[in-house]
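Residue numbers (the working numbering): 38 to 218.
Here's what the structure looks like:
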């Protein structure tokens, strides 16, 4: 009687593990036999392994979202292209009415990127002074010269810095220059 009970118990565990495997997107036949032979260990293993169905649903959801975003981006590009075409045709009509050609006019010169960065950070451009610890001060220097010296390795975070906006000499890492440079 006991061997029959053991067989039913093993088959029951095999079916239980197979059902859990099916719910988690795993191969039912393989997990049935693993449950049949290893009972509790197979059940623990299937519960510990990641849920493949949930991962597949996440991937599918991400793919749909990416596809939707690409479609929206393409629509925006088409709208922008249409708007540019419309604007250019209107400008051509205006140019024709005024008897001029604005297409060949040079655009205004933009400031350099480093000047824009400096302005955005609110750093004063000229009159910075540097001194190595225990050394003589050098300056006045502008930010581009300080940046060049940092790139060459002449200036590091322990270098002393002074500007009229600072009350006293400070190390480079204690000044607003540390963020900029």
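Even glycine gets a Cβ: it sits at the ideal position worked out from N, Cα and C.
Residue i, enclosing alpha helix (DSSP H) - first and last residue
i, result
"residue 7", "In this structure the chain extends from 38 to 218, so residue 7 is not present and cannot be described."
"residue 48", "39-60"
"residue 180", "180-189"
"residue 135", "89-135"
Continuous beta strand (DSSP E) stretch holding residue i: start and end
i, result
"residue 172", "Neither: residue 172 is in no beta strand (DSSP E) and is coded neither H nor E."
"residue 192", "Unbroken run through residue 192: none, as it is neither H nor E."
Euclidean distance between Cα positions of residue i and residue j
i, j, result
"residue 213", "residue 103", "40 angstroms"
"residue 100", "residue 49", "39 angstroms"
"residue 307", "residue 67", "With the chain represented from 38 up to 218, any question about residue 307 goes unanswered, as that position is not in the structure."
"residue 123", "residue 115", "12 angstroms"
"residue 188", "residue 177", "19 angstroms"
"residue 41", "residue 57", "24 angstroms"
"residue 59", "residue 65", "6 angstroms"
"residue 118", "residue 125", "11 angstroms"
"residue 61", "residue 97", "16 angstroms"
"residue 173", "residue 190", "18 angstroms"
"residue 121", "residue 106", "22 angstroms"
"residue 196", "residue 183", "11 angstroms"
"residue 140", "residue 130", "12 angstroms"
"residue 91", "residue 83", "14 angstroms"
"residue 128", "residue 112", "24 angstroms"
"residue 77", "residue 108", "49 angstroms"
"residue 165", "residue 87", "59 angstroms"
Residue i vs residue j beta-carbon contact at 7 angstroms
i, j, result
"residue 89", "residue 54", "no"
"residue 194", "residue 175", "no"
"residue 47", "residue 71", "no"
"residue 207", "residue 198", "yes"
"residue 186", "residue 192", "yes"
Exposure label - residue i; buried when at least 16 CB within 10 Å
i, result
"residue 63", "buried"
"residue 44", "exposed"
"residue 95", "exposed"
"residue 51", "buried"
"residue 110", "exposed"
"residue 180", "buried"
"residue 200", "buried"
"residue 69", "buried"
"residue 150", "The pLDDT assigned to residue 150 is 49, lower than 50, so where the model puts this residue is not dependable, and the model offers no usable value."
Legend entry - Inter-stretch contact (C-beta, 8 angstroms, three-pair minimum) for the region 128-137 and the region 163-178: Verdict: no, contact absent.
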